[in-house]
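In the numbering used here, the protein residues as written are 1248 to 1814.
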């Protein structure tokens, strides 16, 4: 009774720590848009109609099955429904993995300990995106392969899982097919390099899996989309190696990512220690050792940490199993590592529900709709699909996170070069006949060169909306022309007092914001109002919520500077 209660509480704990808001990389809305397209137009998307730079160009909606699920949940239940679904997938993955580990170790304690060690790493990248289905399907294939000898009808599930995987997230299906190939090789070796009659159902089921993999709506293109990854890495750092991230990532990224690396290296260190202590047992588990070589993958592509750790759990479990009986110090260390990893994760990713309203601000959508702003929007990738979800067809975006749309064009290179080189963007905007700019304040400072010719009419934590002067006149918009969120002082030189009033107006109109509160403090400091600047960073700060580590560091540094000034 007590043992069953502990198991229930354990998996409830898994569910809770996987509860997190919809993340900020923009891909969630890409997949939601694909799901909406399928349901509304009764067909898979084959050409772009959301951007004005790649309109009519072909692309792959390779995760349309997951897109439908995410779209329906988001539309009818809202962000909390998405949060619960993601946490549910994680918990189901943990339950299936537990059953698999239980089957190979015959020990509940070993299985639970292995999950406690591995799932903090898996949780570091378990976003509201179709890729989470990869971990569920991998765990399911491992379990089916382990139980099929006793329950031969389970072989029929192999093609079904592959068919589901093909529609849910065909990009990673190559991993599933590779795993099936290893199952065949392992069985062939166990049968002393012969194909025995008793395994006919197994081999036939895996043979059927191959055509199932191509039933994804896009055929071979979707299955081998992963070959586009080397090109995509030119634009995205999350495919970079651990070494490259440590050496080249900006401080703001490292402040958050360092904890992910710490949890991974804690797991890796313990895994190596267990392997050394139990090295005599490794020879009898060569198949699991082969799977564990996946731990090398993050050193080439850091985003694959969760998959690498998941594949290493069988070997860790079978090596830990005898240790639980005779090596108390190793068991104590394992429990300590699991506890520390879980605490670090909860501290850096506290359980929460909802949506990242800083990265996906509803106030921006309301502002655009209420003022009937339409046309071509210049934006960076992160916000593109979010804008399309809420504003299409009246608004078309410059770019979104569908990399295959832009890999063979100069769109992203041209955009990135101008934004990060801090040059005047007027020629680019005129060339594409842009009607509105949604400037991402984390993506370089080139936008500040437009402040004289384009009017800033909206500002939140991360985004600044700029429109042409004639639009201001037509829509009767308020212009915040004394502020400059890119400047060190956050104001236009000589206009600090005006900027203070405008920042206060921004906070009143568009809601509380850490960044705008910080900008107000900078403006107060620029105007020589030291005590008011300190108050803006102290008294009102805690009312807003919890700041990011990077922003908190900025606040502390500014407070230190202000407190050192004479009164």
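We put the beta carbon where it would ideally sit given N, CA and C, even for glycine. Every value quoted in this text rests on a predicted model; they were computed, and no experiment measured them.
Per DSSP, residue 1399 has no beta bridge partner at all.
When DSSP states are grouped into helix, strand and coil, residue 1305 belongs to the strand group. The shortest C-alpha to C-alpha distance from residue 1353 to any of 1763, 1566 and 1589 is the one to 1566. Closest in alpha carbon position to residue 1707, among 1756, 1679 and 1700, is 1756. Contact between the segment 1602 to 1620 and the segment 1574 to 1591 is not established, with fewer than three Cβ pairs separated by less than 8 Å.
A direct Cα-Cα distance of roughly 37 Å separates residue 1280 from residue 1802. Secondary structure note for residue 1622: its beta strand (DSSP E) is the uninterrupted segment 1622 to 1625. Under the 10 Å beta carbon count, residue 1526 is surrounded by fewer than 16 other beta carbons and is classified as exposed.
Beta-bridge pairing by DSSP links residue 1711 to 1686 and 1706.
Between the segment 1413 to 1422 and the segment 1391 to 1402 there are fewer than three C-beta pairs closer than 8 Å, too few to call the two in contact. Here residue 1800 carries a helix assignment [DSSP, helix/strand/coil]. DSSP places residue 1730 in the strand class (E or B) of the three-state scheme.
Rounded to the nearest whole angstrom, the CA to CA distance from residue 1251 to residue 1586 is 21 Å. Residue 1265 places its beta carbon less than 8 Å from that of residue 1337. In this structure residue 1710 is buried. Its beta-carbon is surrounded by 16 or more other beta-carbon atoms within 10 angstroms. For residue 1563, the closest of 1544, 1609 and 1515 by C-alpha to C-alpha distance is 1515.
Taking the CA atoms as reference points, residue 1785 sits about 35 Å from residue 1683. Where residue 1719 is concerned, there is no enclosing beta strand (DSSP E), although the alpha helix (DSSP H) around it starts and stops at 1716 to 1722. In this structure, residue 1386 lies away from residue 1459, with their beta-carbon atoms at least 8 Å apart. In the assembly as shown, residue 1720 is an exposed residue. Its beta-carbon has fewer than 16 other beta-carbons within 10 Å. With fewer than three CB-CB distances shorter than 8 Å, the segment 1440 to 1447 does not count as touching the segment 1534 to 1553. Residue 1591 is bridged by DSSP to nothing; it lacks a bridge partner. Nearest C-alpha to residue 1382 among 1779, 1375, 1369 and 1392: 1369. Cβ contact annotation for residue 1452 (same chain, cutoff 7 Å, sequence separation greater than five): 1402, 1403, 1405 and 1406, in chain order. Assignment of residue 1656 by DSSP, reduced to helix, strand and coil, places it in the coil class. Using a Cβ distance threshold of 8 Å, residue 1277 and residue 1687 do not count as a contacting pair.
Assigned with DSSP and collapsed to three states, residue 1324 falls in coil, not helix or strand.
DSSP places residue 1602 within a strand segment (E or B) once states are collapsed to three.
As a beta-bridge residue in DSSP terms, residue 1269 pairs with 1602.
DSSP places residue 1643 in the uninterrupted beta strand (DSSP E) bounded by 1642 to 1644. Of the candidates 1678, 1455 and 1809, 1455 places its Cα closest to the Cα of residue 1427. Contact between the segment 1727 to 1739 and the segment 1753 to 1771 is present: 3 or more CB-CB pairs across the two stretches fall below 8 Å. Approximately 17 Å separates the beta-carbon atoms of residue 1375 and residue 1309; this is outside 8 Å, ruling out the contact. Remark: C-beta atoms of residue 1269 and residue 1605 do not approach each other more closely than 8 Å. In the structure shown, the three-state DSSP call for residue 1294 is strand. By the Cβ-count criterion, residue 1288 is exposed, with fewer than 16 other Cβ atoms from all chains shown falling within 10 Å of its own Cβ.
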